[in-house]
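The numbering used here numbers the first residue of the sequence shown as 15 and each following residue consecutively.
Glycine included, C-beta positions come from ideal geometry on N, C-alpha and C.
None of the values given here were measured: they were computed from a predicted structure.
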Amino acid sequence: SQLQLERLQATLQRVYRDVKFYRRQFDRLGLLPEDIVSLEDLPRLPFTTKKDLAASYPYGMFAVPLREVVRIHSSSGSPGNPLVVGYTSRDLRNWARLAARLLTAAGVTKDDVVQITFNYGLMTGGFGIHYGSEVLGASVIPTGTGNTFRQVQIMRDYRTTVLVATPSYALVIADKLQEIGLDPKELHLRIALMGGEPWDEACRQEIESRLLVQAFDL
15 SQLQLERLQA TLQRVYRDVK FYRRQFDRLG LLPEDIVSLE DLPRLPFTTK KDLAASYPYG
75 MFAVPLREVV RIHSSSGSPG NPLVVGYTSR DLRNWARLAA RLLTAAGVTK DDVVQITFNY
135 GLMTGGFGIH YGSEVLGASV IPTGTGNTFR QVQIMRDYRT TVLVATPSYA LVIADKLQEI
195 GLDPKELHLR IALMGGEPWD EACRQEIESR LLVQAFDL
């Protein structure tokens, strides 16, 4: 908890100094970052809402100068302003390491071939898992979204062992296998990493039984 407190205090000092929104919020409450001296003080801090993030469009919440930002992602912005996020080089390294830990927890290793069917674009999509897989030393196939027949062809021919997809798209892939008469036993899949939408245990069991994988929630 001491480490948590130290990092919290460092974060509060930084945003109070560098982000006008937080300085206004603190000043409105008559609060200074140094007033937070224990984790029990957390309830004194104001919430930051999605509305606040949208109102800061595009760069109002950035705590570093734009010259230190090497990547910009955002939400779709429907409705209202997109939520814009900037990443420094260190952020991207941390993101990749965290994703590598997640992948390791699911049993992915450097010997795996990871096929990522998430979108690559303004949404963060496939990027985190992509770079995390590379940190592990796994082979990455960034197929992106769509063209299910081609996805299945690549899965078979490139000997994909890990499928990264939304749960609904994993079932679309299972349907395509059935449609073209390809037995999942002919594939090399062993793990499915599912994210991007809610799913339940029944959906997990269907994915596992139809693709012959162990399915995990990202």
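If we call anything under 8 Å between Cβ atoms a contact, is residue i one with residue j?
{"i": "L67", "j": "I50", "result": "no"}
{"i": "L232", "j": "L203", "result": "no"}
{"i": "D126", "j": "V176", "result": "yes"}
{"i": "I168", "j": "I187", "result": "no"}
{"i": "F230", "j": "A120", "result": "yes"}
{"i": "S89", "j": "F35", "result": "no"}
{"i": "L59", "j": "S15", "result": "no"}
{"i": "T138", "j": "H87", "result": "yes"}
{"i": "L196", "j": "R164", "result": "no"}
Go through its chain and collect everything with a Cβ distance to residue i's Cβ below 8 Å, but skip five positions before and after it.
{"i": "Q23", "result": "P47, E48 and I50"}
{"i": "I221", "result": "P181, A184, L185, A188, A206, M208, V227 and A229"}
{"i": "E211", "result": "T180, P181 and S182"}
{"i": "G74", "result": "V33, K34 and F35"}
{"i": "C217", "result": "P181 and L185"}
{"i": "L106", "result": "V84, R85 and Y145"}
Among all the DSSP beta bridges, which residues are the ones paired with residue i?
{"i": "M208", "result": "A179 and D231"}
{"i": "G100", "result": "I86"}
{"i": "Q129", "result": "I155 and L177"}
Leaving out the 5 sequence neighbours to the left and right, which residues in its chain are closer than 6 Å to residue i when beta-carbon positions are compared?
{"i": "R37", "result": "Y30"}
{"i": "Y134", "result": "G140 and G158"}
Excluding the 5 residues preceding and the 5 following residue i in the sequence, name in chain order all residues of the same chain whose CB lies nearer than 7 Å to its CB.
{"i": "L136", "result": "H87 and S88"}
{"i": "K124", "result": "L150, G151 and A152"}
- Below 8 Å, can you find three or more Cβ-Cβ pairs linking the region 142 to 159 to the region 104 to 117? yes
- Counting pairs of beta carbons, one from the region 170 to 190 and one from the region 94 to 105, are three or more of them closer than 8 Å? no
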